[in-house]
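Inspection log for the structure reproduced underneath, given as structure tokens.
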């Protein structure tokens, strides 16, 4: 079932479709939220709030992209708002870059001191990327530009943007893998 059909069924209060969509999407959204919050219970609470909002406000929602993309944005925004309410700020946008890597590394087993080292090193790695690649990474993960928007602003093709991001992720991944391996041997 495509995204438009799912949202239409949810608007029609089809509990079966809603439940199936919830069961299929919930675990990955909790994992995503956890890449910001580093707390399973908070992550679960936020994702549940997002799904409650989806059910209660389905008729009012204007979804311009996919339903999943919309939910990911909601989860991200709620996580950042939650962190703000705790007076945790992310001026350097480390959490956004961290979430980019969260699918590759399970960071929940590290101490908060180790996580600070990882975040600091992540920033250094990004700062060490070639200037054009660094600019694309920052536009994508810090400023939340879409691929097309980056391509238009920089006067390059969307494929160039994707290639640069893929190369950046490989470079960042190599550096982070070494750092994480060092931290795990301590």
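Residue numbers (the UniProt record's numbering): 1 to 186. For every residue, glycine included, the Cβ atom is placed at its ideal position computed from N, Cα and C. In this text the structure is predicted, and so the values were computed from the model without any measurement.
Item, Value
"For residue 74, tell me which candidate among 169, 151 and 46 has the shortest Cα-Cα distance.", "46"
"Suppose you measure from the CA of residue 82 to the CA of residue 66; what does that come to, to the nearest Å?", "24 Å"
"Look at residue 58 and residue 136 and say whether their C-beta atoms are less than 8 Å apart.", "no"
"Using the C-alpha atoms, what's the distance from residue 18 back to residue 146?", "28 Å"
"Quick check: the Cα distance between residue 175 and residue 122, rounded to an integer number of angstroms?", "8 Å"
"Just verifying my parser: in three-state terms, what is the DSSP assignment at residue 169?", "helix"
"In whole angstroms, what separates the C-alpha of residue 50 from that of residue 128?", "37 Å"
"As an exercise, report each continuous alpha helix (DSSP H) stretch of at least 4 residues that is fully enclosed by the stretch 39-66, in chain order.", "40-57"
"Which residues in the same chain as residue 157 place their Cβ atom closer than 7 Å to its Cβ, once the five residues preceding and following it in sequence are excluded?", "151"
"My output table needs one value for residue 145: the three-state DSSP class, helix, strand or coil.", "coil"
"Quick one: using the 10 Å Cβ neighbour count with 16 as the cut-off for buried, is residue 43 buried or exposed?", "buried"
"When burial is assigned at 16 or more other CB atoms within 10 Å of the CB, is residue 34 buried or exposed?", "buried"
"Alpha carbon to alpha carbon, how far is residue 140 from residue 160? Give it in angstroms, no decimals.", "13 Å"
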